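Below is one structure, written out as structure tokens, with a few remarks after it.
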Amino acid sequence: MGTAPTPEAQLEAAQKAEIYVQEHLISGEAIRYGRQYTLSNIRLSGIFVSQKQVQEAMKVVDPEGVASRAEAFGTQRKRKEFTVKGLNRVLSIDGHDKLSRFGFEIYGAIDAYSRYIAWCYVEISNRTAVLIQSDKGTEMVLLAASHVTLRCANHPSLKFSEIYCFGKSIKNQHIEAWWNLLTEGQTQEWKVYFAELENEGLFVGSDLDKSCLQFIYMEIIRSHIHRFIEIHNNHLIWHQRKRDHYLPTR
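Under my numbering, the first residue of the sequence shown carries the number 1399, and numbering increases by one thereafter.
Next up, the structure:
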């Protein structure tokens, strides 16, 4: 059996955790991360700290952020649950428009069972035919036609209803729920920042303005979002009582 850590060792670990949390907050990339995502972010950097150390450090370093996330969690709307019985059964696709008026288009796909982000597209256009939202919007015909053509090339007898299903956006809640996480973790800060530029007269919405923002910030935003996806795909999913047909990792 191992020995319990000394008070000195516990103090040193707590101080290190505060330093790690502070560094990740200062970087701007993780300024709105919650406890689990902050823990995953630090561990993906090759540094091991415990969940408790990170939790206590965040209370010291970022008490306002902890309080705001706790308040937001308490007001979350209860969603109806849709059962998915395994991996690769349903791929939920949607667009994220929080930064679209500033010239940044985001689309993503999530496995509805495992909550694994299969891909995410951050670019300057929302008119790319294969990267469109999955509710029955104007672009949906392109995605449906492409998918049906691909499947029927090898299985010509398949009916449309066996290949594709249109549904209301409320039933596409798996990816929409994840957009809420992305907003909280990443895009809200960028939206606020760009809105400040707009209020100061530094952004008027012209094509030239959008091109300038894209030139300066595209790679930064893209790298931050891709890092957020990496953290999401690696964070632990706890076992939850009274919930079947999902994939806990702890």
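Even for Gly, the Cβ is constructed at its ideal location relative to N, Cα and C. Model, not experiment: these values are computed from the prediction.
Query raised in the report: Span of the beta strand (DSSP E) holding residue 1505?
Result: Per DSSP, the continuous beta strand (DSSP E) segment holding residue 1505 begins and ends at 1503 to 1509.
Query - Three-state class that DSSP yields for residue 1521 in the structure shown - result: Correct three-state label for residue 1521: strand.
Requested in this report: Name the two residues that bound the continuous alpha helix (DSSP H) containing residue 1627.
Outcome: Where residue 1627 is concerned, the enclosing alpha helix (DSSP H) stretches over 1605 to 1632.
Query raised in the report: What is the rounded straight-line gap between the Cα of residue 1461 and the Cα of residue 1551?
Result: When rounded, the distance between both Cα atoms is 56 Å.
**Report entry** Assigned secondary structure, residue 1553 (DSSP; H/G/I helix, E/B strand, else coil)
**Finding:** Correct three-state label for residue 1553: coil.
**Report entry** Three-state class that DSSP yields for residue 1493 in the structure shown
**Finding:** DSSP places residue 1493 within a strand segment (E or B) once states are collapsed to three.
Query raised in the report: Does the distance from the C-beta atom of residue 1503 to that of residue 1515 stay below 8 Å?
Result: Going by C-beta atoms, residue 1503 is not nearer than 8 Å to residue 1515.
**Report entry** Residue from 1628, 1415, 1622 and 1414 whose Cα sits closest to the Cα of residue 1520
**Finding:** The shortest Cα separation from residue 1520 among 1628, 1415, 1622 and 1414 belongs to 1622.
Query raised in the report: Of the choices 1459, 1420 and 1457, whose alpha-carbon is the least far from that of residue 1440?
Result: Considering only 1459, 1420 and 1457, the residue with the shortest C-alpha distance to residue 1440 is 1420.
Requested in this report: Measure from the alpha carbon of residue 1509 to the alpha carbon of each residue in 1631, 1609 and 1486, then state which is nearest.
Outcome: Closest option to residue 1509, Cα to Cα, is 1486.
Requested in this report: Determine the direct distance from the alpha carbon of residue 1447 to that of residue 1406, and round the result to whole angstroms.
Outcome: Straight-line spacing of the CA atoms in residue 1406 and residue 1447 works out to 16 Å.
Requested in this report: Check whether the Cβ atoms of residue 1573 and residue 1506 sit closer than 8 Å, and answer yes or no.
Outcome: Residue 1506 is positioned such that its CB atom lies closer than 8 Å to that of residue 1573.
Query - Separation of residue 1632 from residue 1415, as counted between CA atoms - result: Each residue's Cα considered, the two are about 20 Å apart.
Query raised in the report: Does the distance from the C-beta atom of residue 1627 to that of residue 1588 stay below 8 Å?
Result: Going by C-beta atoms, residue 1627 is not nearer than 8 Å to residue 1588.
Query raised in the report: Out of 1442, 1602 and 1418, which has the shortest C-alpha to C-alpha gap to residue 1458?
Result: Closest option to residue 1458, Cα to Cα, is 1418.
**Report entry** Inter-residue Cα distance where the pair is residue 1525 and residue 1444
**Finding:** In this predicted model, residue 1525 has a pLDDT of only 47, less than 50, meaning its place in the structure is not dependable; the value taken from the coordinates is given anyway. Answer to the nearest angstrom: the Cα atoms are 39 Å apart.
Query raised in the report: In three-state DSSP terms, what is residue 1440?
Result: If DSSP states are grouped into helix, strand and coil, residue 1440 belongs with the helices.
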